[in-house]
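From first to last, the protein sequence lines are chains A, B, C and D. Numbering-wise, our numbering puts 108 at position 100 of the first sequence, and it's gapless, one number per residue. Numbering-wise, our numbering puts 185 at position 177 of the second sequence, and it's gapless, one number per residue. Numbering-wise, our numbering puts 274 at position 266 of the third sequence, and it's gapless, one number per residue. Numbering-wise, our numbering puts 289 at position 281 of the fourth sequence, and it's gapless, one number per residue.
Protein chains: 4
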Amino acid sequence: MHFASDNSGAALPEVLAAITEANDGYAMGYGDDVEMTQVTAKIRKIFEAPEAAVYLVSTGTTANSLALATLCDPWQTIFCTEVAHIHKDECNAPEFYTGGAKLTLAADKDVDKMTPASLRAAIEVEETRGVHGPQRGPVSITQVTEYGTVYTLAELTALCDVAKSYDLPVHLDGARFTNAMVALGCTPAEMTWKAGVDAVSFGGTKNGCMGVEAVIFFDPKHAWEFELRRKRGGHLFSKHRYLSAQMLGYLQDDVWIEAATKANANAAHLAGGLRALGATFKYPPQANMMFVALPRATHKRLLDAGAVYHLWDGTLEGDDAEMVTARLVCDWSLNKEVIDQFLDLAAGK
Amino acid sequence: MHFASDNSGAALPEVLAAITEANDGYAMGYGDDVEMTQVTAKIRKIFEAPEAAVYLVSTGTTANSLALATLCDPWQTIFCTEVAHIHKDECNAPEFYTGGAKLTLAADKDVDKMTPASLRAAIEVEETRGVHGPQRGPVSITQVTEYGTVYTLAELTALCDVAKSYDLPVHLDGARFTNAMVALGCTPAEMTWKAGVDAVSFGGTKNGCMGVEAVIFFDPKHAWEFELRRKRGGHLFSKHRYLSAQMLGYLQDDVWIEAATKANANAAHLAGGLRALGATFKYPPQANMMFVALPRATHKRLLDAGAVYHLWDGTLEGDDAEMVTARLVCDWSLNKEVIDQFLDLAAGK
Amino acid sequence: MHFASDNSGAALPEVLAAITEANDGYAMGYGDDVEMTQVTAKIRKIFEAPEAAVYLVSTGTTANSLALATLCDPWQTIFCTEVAHIHKDECNAPEFYTGGAKLTLAADKDVDKMTPASLRAAIEVEETRGVHGPQRGPVSITQVTEYGTVYTLAELTALCDVAKSYDLPVHLDGARFTNAMVALGCTPAEMTWKAGVDAVSFGGTKNGCMGVEAVIFFDPKHAWEFELRRKRGGHLFSKHRYLSAQMLGYLQDDVWIEAATKANANAAHLAGGLRALGATFKYPPQANMMFVALPRATHKRLLDAGAVYHLWDGTLEGDDAEMVTARLVCDWSLNKEVIDQFLDLAAGK
Amino acid sequence: MHFASDNSGAALPEVLAAITEANDGYAMGYGDDVEMTQVTAKIRKIFEAPEAAVYLVSTGTTANSLALATLCDPWQTIFCTEVAHIHKDECNAPEFYTGGAKLTLAADKDVDKMTPASLRAAIEVEETRGVHGPQRGPVSITQVTEYGTVYTLAELTALCDVAKSYDLPVHLDGARFTNAMVALGCTPAEMTWKAGVDAVSFGGTKNGCMGVEAVIFFDPKHAWEFELRRKRGGHLFSKHRYLSAQMLGYLQDDVWIEAATKANANAAHLAGGLRALGATFKYPPQANMMFVALPRATHKRLLDAGAVYHLWDGTLEGDDAEMVTARLVCDWSLNKEVIDQFLDLAAGK
C-alpha cells in the first residue's frame with residue numbers, strides 16, 4: 009500500500025530489459041551511442057517534430073534547470089505557480105543554473121494553475137522600470153500540476169498565447185507528461201508545440217524508468233548551448249547508453265502510454281473509492297495524484313496497517329475526527345487489489 | 009579491439025545483477041533507500057573511516073565539482089596539474105559549481121604529476137597580495153594521473169604535507185581510484201586519509217559500473233552543505249536505489265578489486281607487447297592507460313582493421329614512418345586474445 | 009519643483025568640501041587612507057559599537073547585495089517585502105551576489121511592511137522539506153520603507169525577535185536610514201543592534217552624499233569575507249579616500265542629521281499642504297516620501313508648470329477628475345518656497 | 009617621493025572643478041544626466057566612433073569584468089597574460105561576472121606581453137575536445153602592460169588578427185590607456201578599433217580622476233546587455249552626474265593627454281637618472297612605470313628617507329649589495345624636483 013510517490017515504485021520490466029540488452033560490448037560515450045540515435049528519432053517522431061533537439065538527463069530538477077537556463081538570462085524572471093517544483097522543491101536549482109535569475113509567482117499560494125489573467129498580471133508587474141527590475145523571462149507550466157490536475161489544451165494554449173504576446177518562451181515541466189497526455193487523450197504535439205510550448209522536460213522517471221528525463225527544444229537553435237550547459241553541470245553521462253536504453257525501453261511499443269494509463273486508472277479507482285466513502289478532494293484528481301481529506305482516525309488506521317503516504321497539512325496529533333489532507337500518488341506498479349485493501353481499511357472494514 | 013576509454017566497455021555483470029535485484033517493490037527516494045545504508049557502511053569499512061560522509065552521484069565531473077565546491081570559496085583558487093580533468097575536460101564545471109573560483113596550474117604543460125616543489129611554488133605565487141589576488145584554496149590530485157602514471161604513497165603524502173603546511177584541504181580525483189590502489193598494492197585508507205586526503209571522488213563508472221561515483225568526506229562536517237549542493241545541482245536521484253545498487257554490486261566481495269586488477273593486467277600485457285615491438289611510452293604505464301608512440305603506418309593498419317582508440321597528438325596524414333602518439337586504455341572487459349590480436353596487427357603479422 | 013527622488017538633488021556642501029580637502033597629496037589606496045580610519049572610528053562611536061566592521065561602497069544596491077551575500081548561502085532564501093528595493097529594483101543583484109539564493113516575499117503585494125505574523129508565516133512555509141526547498145536565510149527590513157512609512161522600534165524589535173527565534177540574521181536596508189532615525193527620534197544603536205539587527209546598509213547618497221553607503225556588521229566575524237566579496241565585485245575603490253571623505257563630511261558635526269531633519273520637514277510641510285487640499289495618501293507619510301492621490305487635472309497643471317515627479321499608478325490619459333497616485337520625495341535641498349509654489353499650483357491658485 | 013602607484017596621487021584640479029560645477033540643482037539619476045550625454049558625444053568623437061556604446065563605472069576591475077562578461081559565455085575561456093590584472097589582481101572578479109568562465113594564460117610567468125605565437129598556441133590548446141574543454145572566448149590585452157611596456161600598433165594589430173582568425177572578440181584593458189597612447193603618439197582609434205579591438209576599458213582613475221573608467225563597445229549591439237549587467241552588479245550610480253563630471257573634466261581640452269604626457273615625462277626623467285646610476289630594468293620603461301633593480305643598501309636609504317614604493321621581488325633583509333627589484337610608478341602630480349631628490353638619494357648624494 010505505497011502511495012508516497014511515483015518515484016518510489018520499481019522500474020518497468022521493459023526498461024530493465026533494455027538496460028540489460030544495451031550492456032553488450034563497447035559503445036562510444038557521451039551521447040554518441042547508437043541507442044541515442046534511436047531515441048532522438050523516436051522522440052522526434054512521437055512529437056511530430058523532425059527538427060527537434062533532444063537530450064537525456066537523469067533527474068527532473070536537471071531537466072527543468074538546464075532547459076530554463078538555456079531560455080533565461082540571469083537578469084530575467086521566470087513565471088510559474090507558487091506550488092511549482094522549480095520554486096518549492098529544487099533548492100534554488102533554477103537560480104543556480106541561470107546564474108541568478110528570479111522566479112515570479114503567477115498564481116496565489118496553494119493554487120494549482122496559472123490562468124491567463126494571473127499570468128498576465130504577473131508579467132505586467134515587471135513592465136515599466138527599465139533596467140531596474142528583473143526583465144521578463146520564460147513562462148514555466150507544470151503538467152500534470154503539483155496538485156494532480158491537468159491543464160486542458162485550451163488552457164495551455166491560452167497561457168502560451170499570453171506568453172507569446174510578450175514574446176516570452178514557454179517551458180513545460182512534464183515530470184508527469186504522459187499521465188497528463190493520457191488524461192487529455194491528446195498527442196504529444198498537441199500538448200506542446202501545437203499549443204505554443206518551446207521546450208519540454210519530458211519525464212520518464214516517475215512513469216517507470218530508473219532515472220531519465222528528456223529535454224526537447226522544438227527550435228534546434230538552442231542545441232549547442234544546451235550541450236555546453238549539460239556538460240558543465242556534470243550531467244553528460246560518459247556511459248550514456250544506459251540513459252538512452254532506459255528511454256528506448258520506455259518508448260518502445262506503447263509501454264510509456266500503457267504505464268501512465270495504468271497509473272491513472274489506479275488513481276481513478278482509488279479516488280472513486282474514497283469519494284464513495286464521502287472523502288473530499290482539495291482539487292479534482294485528474295491524473296495519478298490526489299489530495300484527499302480524511303479523519304485523523306482513518307489516517308492512523310491506514311498508517312498503522314502499513315500504508316505509506318505523505319500528510320500534506322497537519323499531523324496525526326489531535327482530535328481523531330479532525331480532517332487532515334493526504335497526498336496519494338499511484339504509479340504503474342500498483343494494482344486494484346492493493347487499492348481495494350487500502351479502501352477497505354479506510355472504510356474501517 | 010577497443011582501447012578508446014574505460015568508459016566504453018560494458019558494465020560488470022555483478023552491477024547489472026544488483027540493479028535487477030534492487031528493482032523490486034517500493035523504496036523511499038532521495039537517498040533514503042536501504043541499499044544506500046549498506047553502501048555507506050561498506051565504504052566506511054573499506055576506508056576504515058567510521059565517521060565518513062558518503063554520497064553517490066552519477067558522473068565524475070559531478071563528484072569532482074561538488075566535492076571541490078564544498079571545500080573551496082568562490083574567491084579561492086584550486087591547485088591542480090595542467091592536464092587535470094577538472095581543468096581540461098569539464099567545460100568549467102568547477103568554476104561553475106564554486107561560483108567562480110579559479111584553477112591554478114601547479115605543473116607544466118603536459119606534465120602528469122605535481123611535485124612538492126611545483127605545488128609549493130604555485131601556492132607561493134598567491135601569497136602577498138591581500139585581497140587582490142585569488143585566495144589559496146584546495147589542492148586537487150588526480151590518481152591514476154591523466155597520463156596513466158600513479159603517485160606513490162610517498163609522493164601523495166608529500167603533496168598533502170605541502171597542502172597542510174598552508175592549511176589547505178586536499179581532494180583526490182579518483183576516477184580510476186581502484187586501478188591506482190591495485191597498482192600500489194595499498195589500502196584505500198593508505199591512499200587517502202592516511203596520506204592526508206580530505207575528500208575523494210571514488211570512481212565506479214570507469215571500472216565497470218554504469219554510472220556511479222562516490223564522494224567521501226573524512227570529516228563529516230561537510231555533510232549538510234554537500235547535500236544541499238548536490239540537490240541544487242540536480243544530482244540527487246529520486247530513485248536513488250539504482251545508484252546505490254550499482255555501488256553495492258561493485259563493492260561486494262572483491263568485484264571492484266578484481267575488475268581493476270584485470271584492467272591493469274590487460275594494460276601490462278599490452279604495454280609489454282608494444283615494448284617488445286620497440287614502441288616508446290610518453291610516461292611509464294603504471295595502471296590501465298598508456299600513451300605510446302607508433303609509426304603512422306602502424307596506426308593506419310590498426311585502425312583499418314577496426315581497432316578503436318584516440319590519437320593524442322598528430323594525425324594520420326603524412327609520412328608513414330613518422331611517429332604519432334596514441335592513448336590506449338584497457339578496461340576490465342578486455343581479454344588477452346583481443347590484445348594479442350592487436351599486438352599482432354601492430355607487429356605487421 | 010523637483011520631487012522625483014532624493015537622489016536627484018545636489019550633494020551637501022560639506023560633502024564637497026571634504027572631497028576637496030582630501031584631494032591633497034598622496035594617499036594609500038584600497039581603504040588604507042587615513043580618512044577611512046576616521047570614518048570607522050566615527051561610525052563605531054555613532055552606533056555605540058566599538059567592534060563593528062565598517063566598509064564603504066558607492067551604491068545602495070551594492071551595500072545590500074554584498075551585505076546579504078555575506079549573510080546568505082546560495083541555497084537559502086531571503087525574507088523581505090514585495091516592494092523591497094532588493095526585490096523590485098536591483099535587477100536580481102541579490103540573486104547574483106549570493107550565487108543564486110531566492111527571495112521570499114513576506115508581505116502582500118504593495119504592502120509597505122512585514123509584520124511578525126506575515127514574516128513568521130513566510131518562514132514557516134520553508135519548514136518541512138529537508139533538502140528540497142530553499143533553506144531559511146536572512147530577513148531584510150527596509151527602513152524607511154519603500155512607501156515612506158517608518159517601522160517603530162517596537163515593530164523592528166518584534167521582527168528581529170521572529171528572525172532570532174529561527175536563528176536567522178537580520179539585515180537593515182537603510183538607504184534612508186537617517187530620515188527614519190530622525191522620524192523616530194532614536195539613536196542609531198536603538199534602530200539597529202539594540203533591536204536585533206546584524207548588518208546595516210547605512211545610506212549616504214540619498215541624504216546628500218555624491219555616492220557612498222556604509223555597510224556595518226556588528227559582529228566583526230564577517231569582515232574578511234566581506235572584504236573579499238567587495239573586491240571581487242569590483243567595489244573596492246583604489247582612490248578610496250574619495251569615498252571616505254564623503255562619509256566624513258557627511259558625519260561631521262550633525263550634518264547628516266540636519267539634512268534628514270530638513271528633508272523630513274520639507275515632506276511634512278508638503279504633506280500638510282496637500283492634506284489641506286483634501287488629498288489622500290496611500291500610506292501615512294512618516295519621513296521624506298509620500299504617495300498621494302490627486303486628480304489628473306492637477307497632475308497636468310503641475311507637470312505643465314515644470315514640476316518633476318513620478319506617477320505611481322496610472323497615466324495622464326483619461327478623465328481629468330480621476331485620481332492618480334504620485335510619488336513625491338523631498339530631499340534636503342528643497343525649501344519651503346518651492347514647496348509652497350507647488351502647493352499653490354496644486355490648489356489651482 | 010611617492011612612487012607606489014598612479015592611484016595614490018591627488019585628482020586633477022580640472023576633475024574636481026567639474027564635480028563642483030556639476031553639483032548644482034537637480035539632475036535625473038542613473039545615467040540620464042546631461043553631463044553623460046556630453047561624455048558620450050566626446051568619447052565617440054575622440055575615438056572616431058559615432059556608433060559606440062559608452063558607459064561609466066567607478067573601478068577598473070568593474071570595467072574589465074563587465075566588459076568581459078558581456079563578451080564571454082560562462083563555458084568559455086579568456087586569453088590573457090600571466091601578469092594581467094584580470095588574472096592576478098581582481099580576486100576572481102572576471103570568473104564571478106562571467107558566471108564561471110576560465111582564464112587561459114597565453115604568456116609565460118612574468119612575461120609582459122602576449123605574442124601572436126603564444127596567443128595562437130594558447131588558443132589551439134582548446135581546439136579539439138568538443139563539449140569537454142572550455143570553449144574559446146575573448147582575448148584581453150593590457151595596454152600599458154603590467155610591466156610598464158607598451159604594445160606597438162603593429163603588435164596590437166597582430167594579436168587582434170590572431171583573435172579574428174578564430175572569430176574571437178578582443179578586449180583592451182586600458183587602465184593606463186592614455187599613457188600608452190601618448191607613448192605611441194597615436195590616436196585612440198588607432199590603438200583600438202583600427203587595430204581590431206572590440207571593447208575598451210578606458211581608464212580615468214590612474215591618470216588623474218577620482219574614480220571613473222569608461223567602457224566602450226564599438227559595436228552597440230552589446231549596449232543593453234551591458235546596461236543590465238552593470239545594474240545587477242550594483243555599478244549603476246544613482247547620482248551618476250558625479251561620474252560623468254569627472255570624465256568631462258578629464259576629457260575637456262587636452263587635460264587627459266597632458267596628464268599622461270607629464271606622467272610619462274616624469275617616468276622618463278626618473279628612468280634616465282636611474283640608468284645613469286647604472287641601474288638595470290626588468291623591461292624597458294615605456295610609459296609611466298618601471299621595474300628597476302637596485303642594491304638593498306640603496307633601497308634602505310631611499311625608504312628611510314621617506315620614499316614610498318613597492319619592492320617587487322625580495323625583501324630588505326640580507327646582503328646590502330644584493331639587487332632587489334622595485335616597482336616605481338609616476339603619476340601626473342609628481343615633478344622634476346621630487347624625482348631629482350629621489351635620484352640624489354639613490355646616488356648616495
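In this text, a Cβ means the ideal position worked out from N, Cα and C, and glycines have one as well.
DSSP has residue i in a bridge; who is on the other side?
i                     : result
residue 149 (chain D) : D:180
residue 309 (chain C) : DSSP output for residue 309 (chain C) lists no bridge partner at all.
residue 110 (chain A) : A:85
residue 211 (chain D) : D:221
residue 321 (chain B) : B:333
residue 277 (chain A) : In DSSP, residue 277 (chain A) forms no bridge with anything.
Using a 10 Å radius around the Cβ and a threshold of 16 neighbouring Cβ atoms, would you call residue i buried or exposed?
i                     : result
residue 162 (chain C) : exposed
residue 31 (chain B)  : buried
residue 78 (chain D)  : buried
residue 249 (chain C) : buried
residue 324 (chain C) : exposed
residue 173 (chain B) : exposed
Since residue i and residue j are thought to touch, with beta carbons under 8 Å apart, how far apart are those beta carbons, to the nearest angstrom?
i                     : j                     : result
residue 340 (chain C) : residue 20 (chain C)  : 7 Å
residue 43 (chain A)  : residue 256 (chain A) : 6 Å
residue 106 (chain A) : residue 80 (chain A)  : 5 Å
residue 92 (chain A)  : residue 187 (chain A) : Going by Cβ atoms, the distance from residue 92 (chain A) to residue 187 (chain A) rounds to 17 Å, so no, they are not a contact pair.
residue 47 (chain D)  : residue 209 (chain D) : Going by Cβ atoms, the distance from residue 47 (chain D) to residue 209 (chain D) rounds to 15 Å, so no, they are not a contact pair.
residue 176 (chain B) : residue 133 (chain B) : Contact flag wrong, Cβ pair sits at about 14 Å.
residue 85 (chain A)  : residue 144 (chain A) : 7 Å
Using a beta-carbon distance below 8 Å, is residue i in contact with chain B?
i                     : result
residue 97 (chain D)  : yes
residue 214 (chain D) : no
residue 239 (chain C) : yes
residue 230 (chain C) : no
residue 307 (chain D) : no
residue 104 (chain D) : yes
Under 8 Å between C-beta atoms, does residue i make it to chain C?
i                     : result
residue 235 (chain B) : yes
residue 243 (chain D) : yes
residue 218 (chain D) : yes
Quick one: is residue i near chain D, going by C-beta distance under 8 Å?
i                     : result
residue 121 (chain B) : no
residue 348 (chain C) : no
residue 140 (chain A) : yes
Is there a C-beta anywhere in chain A that falls below 8 Å from the one on residue i?
i                     : result
residue 320 (chain C) : no
residue 101 (chain B) : yes
residue 280 (chain B) : no
How about the segment 98 to 116 of chain B and the segment 62 to 72 of chain B: do they share at least three Cβ pairs that are nearer than 8 Å? yes
Give a yes or no on contact between the segment 289 to 296 of chain A and the segment 149 to 162 of chain A, applying the rule of three or more CB pairs nearer than 8 Å. yes
Any contact between the segment 307 to 326 of chain C and the segment 337 to 354 of chain C? By contact I mean 3 or more CB pairs, one from each, below 8 Å. yes
Would you check if there are 3 or more beta carbon pairs closer than 8 Å linking the segment 328 to 342 of chain D to the segment 302 to 313 of chain D? yes
Stretch pair the segment 219 to 236 of chain A + the segment 49 to 63 of chain A: three plus CB contacts closer than 8 Å: yes
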